[in-house]
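Engineer: Residue numbers (my numbering), protein chains in the order written: chain A, 306 to 766; chain B, -8 to 323. Yeah, the Cβ is synthetic: ideal placement off N, Cα and C, and Gly gets one too.
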Amino acid sequence: MPSETSLVTGLTERTPDETASSRPRRADAERSSLALILKILRDSDADTRPEIERLTGLGRAIVSDRLATLFSLGLAEEGELGQTTGGRAPRTIQFRASAGLVLVATLDQSRIGVGIANLKGELVAEHHESADKAAGPVQIQKRLITLFEWMLRQHRGDQQVWGIGISAPGPVEEPENAAPRLRLLPGWDEYPIVDQLLHHFRAPVWMRSGVQMMAYGEYKSGSAAGTRDIIYVNLGRSIGAGLISEGQLHRGAQGGAGLLGHVAVTGGHQYRCNCGNIGCLDTEAGADAIAREGLKLATSGESRILAETLAAEGSISQVDVSIAAQSGESAAAEILARAGHLIGTTLASLVNAFNPSLISLGGEVGQLDDILLAAIRESVYRSSHPLVTRDLRIQRSALGNSAGLAGAALVVTDSIFATDAVVNWIGAGAPQKADVALRQIARADSAVAGNPSRPVPPAGT
Amino acid sequence: MPISGLGPHGEIAQSPESLRISATDAERAREGKFRVAVVLHTTKSDWAKQHLVGIAKTLGDNNAAIIEVVDCNFDAAIQNASLERLVHSRPDAIISLPVGNTVMAEAYRKASKVGIKLVLLDNVPTGLLPGKDYVTLVSADNFGLGQISAELLSPHIADNAEVGILSYRKDFYATNEREIAFRRWMETKRPDLVVRHGEFDEAARAGETLNQLLALHPNLSGIFAVWDEAAIPAMAVMKTSARPLPMTTIDLGEEAAQALADGTIMKGVGSQRPYDQGVAAARATLLALINRQPPPWLALPGLAVSRENIIESYQVIWHMPPPAKLVKAVLG
């Protein structure tokens, strides 16, 4: 009986009568074909046996065998009857997104957000609350675990946690043979938050900077669907850019790609930034800068609405400035137009260097204000080379404030179900049971206990 | 009073007072002669009735008509069917409290896609986003209300005791926020206490949940019910108990108000301002209908109501004088 070779993947499936020496290769091929079928089902590229056979080039018996394995692992299930192409209608088959759970969190300057997602990376629930980052990483991590436990109590049936995604308040560096660490955040650099989560939840952890998670969320499920070169700009207290290049998240050597808010701008107030430099974009056009300029209008009496808001609320936010501008106060509109111009001019350099097809604008400033967005658009188109703006779209984020959690869920699930990753865990049934995860967990246990990391033997030996 | 919580997607709250309707805006709204439907979880509760009064007055003042009010009786199927029907009759806007999350998402999305402006109250179905799928969410500061309830209960609880939460089993933004905040307050301010909890599916059956909770944890020293309609059957259980426990809850409905005035079991209420929330929802609706974009989350601070301030609070919350029986219970 000849071996079957897929025209699509080149996978070779061997028949049972081949020699014992070929067994390791056969096991590899079996895992590869399982990973391929899982990908097809998860991407909804096919939902019947004949379509799977056609897409993979695998024979009927092998497809049946692999599907039986996926059914037994709980990763696929049979659904309704599909369309017939003559003869009996085939039973549809679908990926079982509820086979496991993913926990996700966003940590930013003053807030903590948690969510729970299914294995398609779809958020099922989320909760956000204020957090005092000055309380330090130990308190934040404790709160994070409390909220994750609450989420699990509310939403978990018999599923296990397959992975955890953390959208971090700064760049994340991934040293070799060590857990990822947060950078540029005093007190957090050496804190082993990833190890703590691994130790507590016994599941692998992915941590990226917040804006990178948002960019990935927008790329996969927001306004950027179908686009492969994207700049996502988070307009908040700080201004950051997440870069998707040819469908891949670009993180940079130290995980710090996209620190747009720390580009020096000319003609501003020349305030000192928390990075130590003077005149950074954050200090001129971030949410705090807009609020600061709005406060000046309120106290000088140039804006009646902002003066009334200050009297009633005791403070001015960037949203108040937007509301005053929407209500027709030209001084408030001028603040936003100037901020938008500075952001757009800075962004234009990145557009020339990167040539994206989409700029997606998110964050709390980007969510609401049309004047600011119009000024950004105008400055980008005016200051960039005509070639790179020829087909460039600039639009508001479709995911809004949920981009960070949505992106974290998609980073985790896409990493778990990447074909080369599935090959590594499918034999164990779930990623948190695979050797590589067990080694990470053992290392985290040692780190949390204060012991040096010791290698552990692979499971089953 | 500052807002303690964040919106369903992490939004920072904006005060409804920031919704400015200028004379020009009002003129445009009046010329629009807009048609608005209201789809609520129930129309029978005091909370819902006050919302409707606030909505009707504000819309009426601006020449906008309420063409229908739907009572969904807490039933997702009824709400789905109502939204489906409204998609065809095409009001300009719908003001609605979604009774569920995942099960309701598609119906609300359909209404939004055909151009109906959606203003949501108290809850957002899974996956719906402000500015894209709905205009804004109007709610109380539910996180703050949970903190108020914890703070009002705390003086009645001895050191190192156990307190119980009667929580709502369904995934619902407002009640989730209240429970999380109550727990966080206790964890931070009363770390000596152990928090237990029981879950109910229907508020009317919260008495059974309390009995189960007491069977499991007979040493409980106080109870927090996540809203007043669940507190009412729980109070009935307490009244027949040899050891009635102090309680707090949220929303100053008639029965909760009277119980607080009586002062035997109910020790405090974190109250919303449903009339003002109704006004805010109507103002946000009018602005959206003249193509202005309100902030994504409009929140009103909660009020801490105790026996000491119940008479004044009643007037602030309900915009009417308190019942004579309530006044008599307080003043004698």
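(1) What does a CB cutoff of less than 7 Å around S103(B) pick up in its chain, not counting 5 residues either side in sequence?
(2) For A327(B), which option in A96(B), A252(B) and T127(B) has the closest C-alpha, if you only look at C-alpha atoms?
(3) Would you please state the rounded distance, in angstroms, between the beta carbons of W511(A) and V716(A)? I believe it to be under 8 Å.
(4) Evaluate T766(A) with the Cβ neighbour count: other Cβ atoms within 10 Å of its Cβ, from every protein chain shown; 16 or more gives buried, anything less gives exposed.
(5) Does DSSP put T314(A) in a helix, a strand or coil?
(6) Would DSSP call E385(A) helix, strand or coil?
(7) List, from N- to C-terminal side, the beta strand (DSSP E) runs of 3 residues or more that fit wholly inside the region 150 to 187 of chain B.
(8) For the ligand FAD, is there a heavy atom less than 6 Å away from the beta-carbon of Y521(A)?
(9) Please report the Cβ distance between V741(A) and A340(A), rounded to the nearest whole angstrom; I am assuming they are in contact, meaning their Cβ atoms lie under 8 Å.
(10) Can you check which of these residues, D725(A), Q465(A) and I583(A), is closest to A404(A) by C-alpha distance?
(11) May I ask you to report which of helix, strand or coil DSSP gives S627(A)?
(12) Using a Cβ cut-off of 8 Å, pull out every chain B residue sitting near L624(A), in sequence order please.
(13) Where do the N-terminal and C-terminal ends of the alpha helix (DSSP H) with S377(A) fall, by residue?
(14) For the putative contact between L211(B) and V154(B), defined by C-beta atoms under 8 Å, what is the C-beta separation to the nearest angstrom?
(15) Could you give the distance in angstroms between the alpha-carbon of R76(B) and the alpha-carbon of D534(A)?
(16) Compare the C-alpha of D242(B) against each of S9(B), I(-6)(B) and A39(B) and name the closest.
(17) For M311(B), count neighbouring Cβ atoms within 10 angstroms of its own Cβ and tell me buried if that reaches 16, exposed if not.
(18) Just to confirm, is the Cβ distance from A20(B) to N53(B) under 7 Å?
(19) Given a cut-off of 7 Å on the beta-carbon distance, is the pair F65(B) and H32(B) in contact?
(20) What are the boundary residues of the alpha helix (DSSP H) that includes H505(A)?
(21) On the DSSP letters alone, give me the boundaries of the alpha helix (DSSP H) that M519(A) sits inside.
(22) Measuring only between beta-carbons, confirm whether H267(B) sits less than 7 Å from chain A.
(23) Would E434(A) count as contacting chain B if we go by Cβ distances under 7 Å?
(24) Got a sec: is the Cβ-Cβ distance from L109(B) to anything in chain A below 7 Å?
(25) Identify whether Q465(A) lies in helix, strand or coil by the three-state DSSP scheme.
(26) Is A272(B) closer than 7 Å to I3(B) when the C-beta atoms are compared?
(27) Once you ignore the five residues that flank T200(B) on each side, which residues in its own chain have a CB closer than 7 Å to its CB?
(28) Over the uninterrupted alpha helix (DSSP H) stretch that includes K101(B), give me the two end residues.
(29) Can you find a CB in chain A that lies within less than 7 Å of the CB of L128(B)?
(30) In the structure shown, what three-state DSSP assignment does A430(A) receive?
(31) Alpha carbon to alpha carbon, what distance is there between V368(A) and P321(A)?
(32) Listing by chain order, which chain B residues have their CB less than 8 Å from the CB of A410(A)?
(33) Can you look up Q559(A) in the DSSP assignment and give me helix, strand or coil?
(34) In terms of residues, what are the limits of the alpha helix (DSSP H) holding Y125(B)?
(35) Give every residue of the same chain whose Cβ lies closer than 7 Å to the Cβ of Y686(A), excluding the five residues on either side of it in the sequence, and list them in chain order.
(36) Decide yes or no for the touch test of the region 178 to 189 of chain B against the region 139 to 152 of chain B: beta carbon pairs closer than 8 Å, at least 3 of them.
Structural biologist: This is what the structure gives:
(1) L109, D124 and Y125
(2) Residue 327(B) lies beyond the stretch modelled for chain B, which goes from -8 to 323, so this question has no answer here.
(3) 5 Å
(4) Confidence in T766(A) is poor, its pLDDT being 30 and thus under 50, which makes the residue's placement unreliable; the coordinate value appears in the next sentence. Exposed: under 16 other Cβ atoms inside 10 Å.
(5) Residue confidence is low: T314(A) scores 30 on pLDDT, short of 50, so the model does not pin down where it sits. Its coordinate-derived value is still stated next. If DSSP states are grouped into helix, strand and coil, T314(A) belongs with coil.
(6) strand
(7) As far as the region 150 to 187 of chain B is concerned, its whole beta strand (DSSP E) runs of at least 3 residues are 153 to 159.
(8) Although the ligand FAD was asked about, the structure shown includes no ligands whatsoever.
(9) About 15 Å; that fails the 8 Å criterion.
(10) Q465(A)
(11) helix
(12) The question names Leu, yet the displayed sequence has Val at residue 624(A). Near V624(A) (Cβ distances below 8 Å), the residues of chain B are I3, Q5, S9 and P286.
(13) R365 to S377
(14) 7 Å
(15) Cα to Cα, the separation comes out at about 42 Å.
(16) A39(B)
(17) Exposed: under 16 other Cβ atoms inside 10 Å.
(18) yes
(19) In this structure, the beta-carbon distance from F65(B) to H32(B) falls below 7 Å.
(20) From DSSP, the alpha helix (DSSP H) with H505(A) extends over I498 to F506.
(21) G515 to S526
(22) At residue 267(B) the sequence reads Asp, which differs from the His that was named. Not closer than 7 Å to any Cβ of chain A, the Cβ of D267(B) fails to qualify, so no.
(23) yes
(24) no
(25) It is a strand residue.
(26) no
(27) L157, G189, E190 and F191
(28) T93 to K104
(29) no
(30) strand
(31) A caution first: P321(A) carries a pLDDT of 42, below 50, which makes its placement in the model unreliable, though a value can still be read off. Taking the CA atoms as reference points, P321(A) sits about 15 Å from V368(A).
(32) Near A410(A) there are no residues of chain B at all, since even the closest Cβ is about 11 Å away, more than 8 Å.
(33) coil
(34) No alpha helix (DSSP H) holds Y125(B); DSSP gives it neither H nor E.
(35) Within the same chain, and ignoring the five residues on either side of Y686(A) in sequence, the residues whose Cβ sits closer than 7 Å to its Cβ are T694.
(36) yes
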